[in-house]
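Asks: Residue numbers (my numbering): 1 to 137. Here it is, the structure, as structure tokens.
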């Protein structure tokens, strides 16, 4: 998947990543994990200042981050579709099967033919004398 990597996008990514790191640092400090809080704060500050000074350097973080995000996105999509299928469609099909509901006309071995007799169509324009054929093939 092609990801935009111009200066503005790299700045936005750096600021967003540093904001997330600051929030995580605050959360860890609130939970009394001071060492993790300090490290997240330091890394957040480094990312923030790199985003301001040289946004092109953030590409070293963004490329692997987005590759991981694409892998996670593909995996989660498949898992969600599988869960939705087994939660909604399988029980619905089982209920239809239990109650004998059929949406399609299926094969009946006692019938000789599946031909449906219909009255021949009227001519489209009586002046042109266009005729329809009963069996074209």
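Where a beta carbon is used, it is the ideal one built from N, C-alpha and C, also for glycine.
Are residue 18 and residue 48 touching if we call contact CB-CB under 8 Å?
Replies: yes
Asks: How far does the alpha helix (DSSP H) with residue 36 in it reach, from first residue to last?
Replies: Residue 36: member of the alpha helix (DSSP H) spanning 34 to 53, first to last residue.
Asks: Does the distance from the CB of residue 55 to the CB of residue 14 come in under 8 Å?
Replies: Yes. Within cutoff.
Asks: Please state whether DSSP places residue 31 in a helix, a strand or coil.
Replies: coil
Asks: Measure the C-alpha to C-alpha separation of residue 60 and residue 5 and round it to an integer number of angstroms.
Replies: 11 Å
Asks: Let's see if you can read the secondary structure: which residues bound the alpha helix (DSSP H) around residue 73?
Replies: For residue 73, the enclosing alpha helix (DSSP H) has its first and last residue at 59 to 84.
Asks: Mapping DSSP to helix, strand and coil, what is residue 101?
Replies: coil
Asks: To which residues of the same chain is residue 10 closer than 8 Å at the C-beta, ignoring the five residues directly before and after it?
Replies: 51, 55, 56, 58, 59, 62
Asks: Quick check: what's the CA-CA separation for residue 113 versus residue 69?
Replies: 57 Å
Asks: Quick one: is residue 44 buried, meaning 16 or more other Cβ sit within 10 Å of its Cβ, or exposed?
Replies: buried
Asks: Is residue 21 near residue 34, with beta carbons less than 8 Å apart?
Replies: no
Asks: What's the gap between the Cα of residue 16 and the Cα of residue 7?
Replies: 14 Å
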